[in-house]
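Student: Those sequence lines, one after another, are chains E and L.
Residue 717 is where the first sequence ends in the numbering used here, and the numbering goes up by one at each step.
Residue 1434 is where the second sequence ends in the numbering used here, and the numbering goes up by one at each step.
Protein chains: 2
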Amino acid sequence: MAIEAARLSPSLAAAAFLGRRALPATHFTRRLPLLLLSRASASSSGGDGRAVALPSSELRKRRSSASATGEDSKLGAIRRLFVRPDIAIDAYIVPSQDAHQSEFIAECFMRRTYLTGFTGSAGTAVVTKNNAAFWTDGRYFLQAEKELSHEWTLMRSGNHGVPTTIEWLNDVLPSGCRIGIDPFLFSFDAAEELKDAIANKNHELIMISDFNLVDEIWGESRPEPPKEPVRVHDIKYAGIDVPSKLSYVRSELAENGCESVVISMLDEIAWLLNMRGSDVPHSPVFYSYLIVEMSTATLFVDRNKVSEDVLEHLEKAGVTLKPYNAILSSVERLAEKGAKLWLDSSSVNAAIASVFRSSCDRYRKKTGKTGRQIGKDTSSDELTSKSHVQNGALNGLYKVSPVTLAKSIKNNAEIRGMKNSHLRDAAALAEFWCWLEEEVRKTVALTEVQVAEKLLEFRQKQDGFIETSFDTISGYGANGAIIHYRPTPDSCSSVGSDNLFLLDSGAQYIDGTTDITRTVHFGEPSQRQKECFTRVLQGHIALDQAVFPERTPGFVLDVLARSSLWKIGLDYRHGTGHGVGAALNVHEGPQSISYRYGNLTALQKGMIVSNEPGYYEDNSFGIRIENLVLVKEVNLANSFGGISYLGFEKLTFVPIQGAKKKDILFQGSIVSVLEAQLEDSGPSQALLDLINGCPLATGDEFACWWQSAVDSTPFSQ
Amino acid sequence: MAIEAARLSPSLAAAAFLGRRALPATHFTRRLPLLLLSRASASSSGGDGRAVALPSSELRKRRSSASATGEDSKLGAIRRLFVRPDIAIDAYIVPSQDAHQSEFIAECFMRRTYLTGFTGSAGTAVVTKNNAAFWTDGRYFLQAEKELSHEWTLMRSGNHGVPTTIEWLNDVLPSGCRIGIDPFLFSFDAAEELKDAIANKNHELIMISDFNLVDEIWGESRPEPPKEPVRVHDIKYAGIDVPSKLSYVRSELAENGCESVVISMLDEIAWLLNMRGSDVPHSPVFYSYLIVEMSTATLFVDRNKVSEDVLEHLEKAGVTLKPYNAILSSVERLAEKGAKLWLDSSSVNAAIASVFRSSCDRYRKKTGKTGRQIGKDTSSDELTSKSHVQNGALNGLYKVSPVTLAKSIKNNAEIRGMKNSHLRDAAALAEFWCWLEEEVRKTVALTEVQVAEKLLEFRQKQDGFIETSFDTISGYGANGAIIHYRPTPDSCSSVGSDNLFLLDSGAQYIDGTTDITRTVHFGEPSQRQKECFTRVLQGHIALDQAVFPERTPGFVLDVLARSSLWKIGLDYRHGTGHGVGAALNVHEGPQSISYRYGNLTALQKGMIVSNEPGYYEDNSFGIRIENLVLVKEVNLANSFGGISYLGFEKLTFVPIQGAKKKDILFQGSIVSVLEAQLEDSGPSQALLDLINGCPLATGDEFACWWQSAVDSTPFSQ
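Next comes the structure, spelled out in structure tokens:
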């Protein structure tokens, strides 16, 4: 799945919000991978009130009809709330995210969508007493024009002369206004930055945490929060039991002089507790918070989601339950105990952090005790660059969550699960491509949507399949050039043999998560397409074959994937690689391979990243070639500096189209061999030979660089 | 000339000093190139009292005899000063640098050398009432053991368990001591950091600016400050006249809300005023400060150095003269005027900055006026990461000098001068290599020193030759593996045909500065040497051939030079490229190509950088292949993103040894063609064909990658 440089993540959106068009790269140390990523997030409440993951296209259809109820009444209703004495604000900001900085969110949290009618994944709405403005980026201008009512002003972010949200607020509001937000929907960092920025115009930031204004007007028709049961993630896939993971977190707490930590990222909780859920589409997570203390751990989750066996699993690990909504009062009590609390201010929401700080203040006043500043992690550029972290923050350690890095380094069981699920995924894809190659020759052409649906069918046949890991990007010809493309049944193209077909898809399996892009041509590619494809493939191969010393940040390798394109003045506007969770989120941090040079996280043994250079020619075609790879130690004849040297092992076993495609690509034999391999033992040498050898052996139309690039290096390993 | 990662520059030394073994990369935005660089700096006062640049080896010989006068007496003498009522300190820190953060310094400023007897280029001495300790790095351990008296404790920086200067001071001094420095010898940043660090142990930093304690004990025998006449750098080489340059600086002042700026880097003053000098070896600069105000400019320089024609040159540009020592009183007057002053706190010394700040304070108290904080350059990571810049600093703008970037982007005349001087340099080198190839066949072997001296002879024959741009590194066999090697007549090796010979040298010409490294084998290299040489050359070629979008920081390209070595677990411990001045310092910023990821300076059209990957096998051999290259715009078929794409044009016209070396390398025809080309018109096509074609055409022993790397890229330009 491609990395979307254009998409504003929660943190980035907050940044854009603050009037900064370009942030210093160092700002992004923590949230980088999530920042760049994401597709439309969508779920839908089924008839039984339970959240069911629907493809975005389906959701969009349902939304458009719903929007006939009229946005005007919503704007009117929300403005009437402005004057309520317990609210008393002049403006309200409605961002896209949920309380956990999630990439995919449940429908009941899609307040921005409900308020504006806009169904795209990225955007921020701001309502004042007299104005309503909506910011989104270039991918969504057309869609927003269609979906927003005339009362909304569309702000085309990134276009020349378009103000940022802050600039606009300062322009339309007289000084000294009260600007409201739901503090659950802003990270602590984002809220603090917002507060500082509006203070310049004497505006006050009003955090309304008791209720969300959009929820108030949504009323009865608001979908129920998801109630899907959670499940235990089997130790044979998780590899490390919960007590061991908690013990690691506690050792980190001790080392940092802390007594407790609030974890709010849903994938971090799922990983730490070896649990999975299905509250949102595409990510096997469940809505919850977790507080880990030195001798206890508390999971804040809807009790109805927890079956007896899950309860037993948690009890064994000493984890007790509290209601999801009890998080604030528990944080308050931690503060009252004088506990030293670790908060990841880039992910923990402002509601939690504010409650902690104000409770600490109350506690100090009452007891006369002086809070103490805990040493900050000065090695984190992100934190030290934020002045607000240097003030106050007594009794708090603001530092990247102790789970983030641990989760990114996969253990042997996780690696085995990723390999096995990738083999099954490869079998499904090989079957699919064989099928498609036949179909394209027929007279009745299939649409991009039909092709994506058929791919889902093939995947569903595989053991352990759960759902797609993101909405499939099925783009033929010019549609392939839209990095964020998602076909709809009404308006999509047919897949033919006159142009390139880009297919970016992935799946969640019980034992792993996949993400793969292939670009193929069923006819005769143009000279231009051959050149671009070759250069993208050269970049892919250069990165795949890279060897690098330990402690190398991912961005150092980014140029390897681009330099062949650069040689002829081409490039692509997204990162080259993102982290991938093991049976978890398809996008995870902290590592990335990108031109965001602020992310100094080193690539480490056991991390998984995508390798996905591309090239997009507007209105013409798109190319992307994506594998997932595992960072591993390589054994070399030398070891300069006495350190380890690292390289990549391919997890993705699907051939890349070569020149003589008819002879070697998508042939049934691959499928059968793949299917014979779905055991824990991993792929056989025969399979690996087949996969590695056949599609990349020779070539003159699509140059086959894999082999030749390796061969042309004398003394190569 | 190689970039020395190990060498501590002034700023880095200050950092090491502060107890930080590893600084965050972002720290180095400003001073990076200088940080990494430098060789021994040496000049010597001649019999007539004038400074004469001597090779370091010569200087070292003279020093050793001088050191017989006894270090004990010096330590005793300096300690007696500690108790003088006007001094009253418990410790004194003596760094290596002069007041301008220069790489090469005049002998009269070599206080650390005088005090300790240690003649190497890097080191910091600290004297307390009871102890004397000296810090230097691994390159100098042996030399320091030989040269220091028994009263000095040698601190082997970088070795396990060796304390930093600060750690040591905190260990040996009781709390609450007074630690003295000469504030001229510390940048403002370094002094502030030092002050903060020692404040933790209640020590006070005492800035003694009226006199230097070492100078006090040096007395009559201290060499005179250099009095070499300055000269006008002809406009045909400088390209832009002084009024235009001053006008640019003033526009920068206006844009930043400032009224004046102090320039203290000697190469910046030389560039801005189109003047050159010879106060120090290897760099054509002269000791001075410059203050530019909106309508005036004042050069602080010894009046005796300024001839009538130079005076006229300065008068035409509206530049007036003041004595070098009048800088502090002038800065005081600026403060009293309430002038908004721009200071580059990474280069301006603490004496100047402190005087400015204290004068501002006095001025405000007297007038009751409130100083104003001028907006800081928040885009500079370096500055924002320093908290002291965010406090006080009223009426001061602490930001990289407005000259730094301007100087690094060469104009057409400078480029022409660089190209011409490189052609003449190539002629000298080609003659030299022809000569050496013959010599090596003879029975009496030449030493590394004799070879370097002969090279100087060949260069001296070239028009416009002034001096070497650094001490020649002439390393045969195992000596080539010492990155910082400098042969001495007593102890150097002979150059033979059994091993590799590494020769890194450069020259200052009237119109340009050169820096080139070649590594050759006059016999049969081993398989290991062939492999390593090939991989270094692959890296060199990959960087040479790179094309990249505008706004790309240099560090992005560093991996291109290393990845071939990394593939077999090899690497080199220095940067790949440094900036080079046009008839100025052989090392300049702000750009670099290095693994110091904090230097976000983009490579820009007109910049000159070295391309010098290497590999060093301890006790065996060293390889480095270095050209200088000019950043230029490349015309490509595409221009993705509507931006410019940049690449490199080689300035260095000396063949690289290929496989069939006897046939094609160092042949007389190249010399004659080169010599025929020393015109302003630049090289002819015939010459370029000859140079580009012949030494890199084919090869199987030393693989000739140039051509094959290009050929193997389909669709290449």
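All C-beta atoms in this analysis are idealised placements derived from N, C-alpha and C, irrespective of residue type, glycine included.
Computed from a prediction, not measured in an experiment: that's the story for all the values here.
Measuring alpha carbon to alpha carbon, tell me which residue in E:N325, E:L343, E:I415 and E:I625 is nearest G614 (chain E).
Tutor: Considering only alpha carbons, the answer is E:I625.
Student: Here's the rule: buried if 16 or more other CB atoms are within 10 angstroms of the residue's CB, otherwise exposed. What is T367 (chain E)?
Tutor: The residue in question, T367 (chain E), is exposed, as its Cβ has fewer than 16 Cβ neighbours within 10 Å.
Student: In the DSSP assignment, find the alpha helix (DSSP H) that holds E824 (chain L) and state where it starts and stops.
Tutor: Taken as a continuous stretch (DSSP letters only), E824 (chain L) belongs to no alpha helix (DSSP H), as it is neither H nor E.
Student: Just the Cα atoms here: how many angstroms apart are L1146 (chain L) and V1371 (chain L)?
Tutor: Between L1146 (chain L) and V1371 (chain L), the C-alpha separation is close to 7 Å.
Student: Taking only three categories from DSSP, how would you classify T116 (chain E)?
Tutor: Looking at T116 (chain E) - three-state DSSP - the assignment turns out to be helix.
Student: By the criterion of Cβ-Cβ separation under 8 Å, what are the contact partners of N638 (chain E) in chain L?
Tutor: Going along chain L in sequence order, the residues near N638 (chain E) (Cβ under 8 Å) are I1285, G1286 and L1287.
Student: If you draw a straight line from the alpha carbon of E268 (chain E) to that of R528 (chain E), how long is it in whole angstroms?
Tutor: Approximately 44 Å between the Cα atoms of the pair.
Student: Any contact between the stretch 296–304 of chain E and the stretch 207–224 of chain E? By contact I mean 3 or more CB pairs, one from each, below 8 Å.
Tutor: Because the criterion of three Cβ pairs below 8 Å is not met, the stretch 296–304 of chain E and the stretch 207–224 of chain E do not touch.
Student: To which residues does DSSP link R111 (chain E) through a beta bridge?
Tutor: Beta-bridge pairing links R111 (chain E) to no other residue.
Student: Check the DSSP bridge columns for K632 (chain E) and list the partner residues they point to.
Tutor: E:G647, per the DSSP bridge assignment.
Student: Can you pull the chain L residues whose beta carbon is under 7 Å from the beta carbon of V559 (chain E), in chain order?
Tutor: The contacting residues are V1273, L1274, V1276 and L1277.
Student: Between which two residues does the alpha helix (DSSP H) holding H1295 (chain L) run?
Tutor: Here H1295 (chain L) belongs to no alpha helix (DSSP H); instead the beta strand (DSSP E) covers G1294 to G1296.
Student: Do the stretch 1235–1244 of chain L and the stretch 1218–1226 of chain L make contact, defined as three or more Cβ pairs closer than 8 Å?
Tutor: Verdict: yes, contact present.
Student: Is there a Cβ of chain L sitting closer than 8 Å to that of K454 (chain E), yes or no?
Tutor: By this cut-off, K454 (chain E) is not an interface position.
Student: Chain E beta carbons: is any one of them nearer than 8 Å to that of A1263 (chain L)?
Tutor: It does; some Cβ of chain E falls within 8 Å.
Student: Since I believe N1066 (chain L) is in contact with S981 (chain L) (beta carbons under 8 Å), could you give me their beta-carbon distance rounded to a whole number of angstroms?
Tutor: Their Cβ separation, rounded to whole angstroms, is 7 Å, which keeps S981 (chain L) and N1066 (chain L) in contact under 8 Å.
Student: At a CB distance below 9 Å, what residues from the stretch 985–998 of chain L approach chain E? Give them in sequence order.
Tutor: The residues in question: there are none.
Student: Only counting the same chain, and skipping five residues up and downstream in sequence, which positions put a Cβ closer than 8 Å to that of S892 (chain L)?
Tutor: Same-chain partners within the cutoff: K918, N919 and H920.
Student: Is the stretch 1026–1038 of chain L close to the stretch 1072–1079 of chain L, with three or more CB pairs under 8 Å?
Tutor: At 8 Å Cβ cutoff, the stretches do not touch.
Student: When you compare the CB of L603 (chain E) with every CB in chain L, is at least one pair closer than 8 Å?
Tutor: No - not a single Cβ of chain L is within 8 Å of the one on L603 (chain E).
Student: Quick check on S819 (chain L): does DSSP put it in helix, strand or coil?
Tutor: Note: S819 (chain L) maps to coil in three-state DSSP.
Student: Output the residue ranges of the alpha helix (DSSP H) runs that lie fully inside the stretch 141–168 of chain E and measure 4 residues or longer, sorted by chain position.
Tutor: The stretch 141–168 of chain E contains these whole alpha helix (DSSP H) runs: 141–147.
Student: Could you name the residues of the same chain whose beta carbon sits closer than 8 Å to that of I1360 (chain L), not counting the 5 residues immediately before and after it, in chain order?
Tutor: So the qualifying residues of the chain are P1266, E1267 and R1268.
Student: CA-CA distance, Q1167 (chain L) and E862 (chain L)?
Tutor: Going by the C-alpha atoms only, they are around 27 Å apart.
Student: Does S330 (chain E) come out as helix, strand or coil in the three-state DSSP assignment?
Tutor: If DSSP states are grouped into helix, strand and coil, S330 (chain E) belongs with the helices.
Student: For D1221 (chain L), write down the residues that DSSP places opposite it in a beta bridge.
Tutor: DSSP, once it has assigned bridges, lists L:I1190 and L:T1234 as partnering D1221 (chain L).
Student: Where do the N-terminal and C-terminal ends of the alpha helix (DSSP H) with Y237 (chain E) fall, by residue?
Tutor: Unbroken alpha helix (DSSP H) run through Y237 (chain E): I235 to A238.
Student: Taking buried to mean at least 16 other C-beta atoms within 10 Å of its own C-beta, is H484 (chain E) buried or exposed?
Tutor: That one is buried.
Student: Kindly say whether R1089 (chain L), judged by its beta-carbon, lies nearer than 8 Å to any beta-carbon of chain E.
Tutor: Because R1089 (chain L) sits at a pLDDT of 49, beneath the cut-off of 50, its placement in the model cannot be relied upon, and the following sentence gives the value as read from the coordinates. So no, R1089 (chain L) is outside the interface.
Student: Going straight from the alpha carbon of G338 (chain E) to that of N395 (chain E), what length do you get?
Tutor: G338 (chain E) and N395 (chain E): Cα-Cα distance of roughly 7 Å.
Student: Cα-Cα, which of E:M155, E:T119 and E:R111 is closest to A132 (chain E)?
Tutor: Ranking E:M155, E:T119 and E:R111 by Cα distance to A132 (chain E) puts E:M155 first.
Student: On a Cα-Cα basis, can you pick out the residue from L:F821, L:I810 and L:K1136 that is closest to M924 (chain L)?
Tutor: If we check each option's Cα against that of M924 (chain L), L:I810 comes out closest.
Student: Nearest to L253 (chain E) by alpha carbon, out of E:Y398, E:S307, E:W433 and E:N130?
Tutor: For L253 (chain E), the nearest C-alpha among the options comes from E:Y398.
Student: So, is I952 (chain L) buried or exposed, given that buried needs 16 or more other C-beta atoms within 10 angstroms?
Tutor: Exposed, because fewer than 16 other Cβ atoms sit within 10 Å of the Cβ of I952 (chain L).
Student: For M207 (chain E), which beta-bridge partners are listed by DSSP?
Tutor: DSSP output for M207 (chain E) lists E:I181 as bridge partner(s).
Student: Could you check if A1144 (chain L) is buried or exposed, using at least 16 other CB atoms within 10 Å of its CB as the buried criterion?
Tutor: By the neighbour-count rule (16 or more Cβ atoms within 10 Å), A1144 (chain L) is buried.
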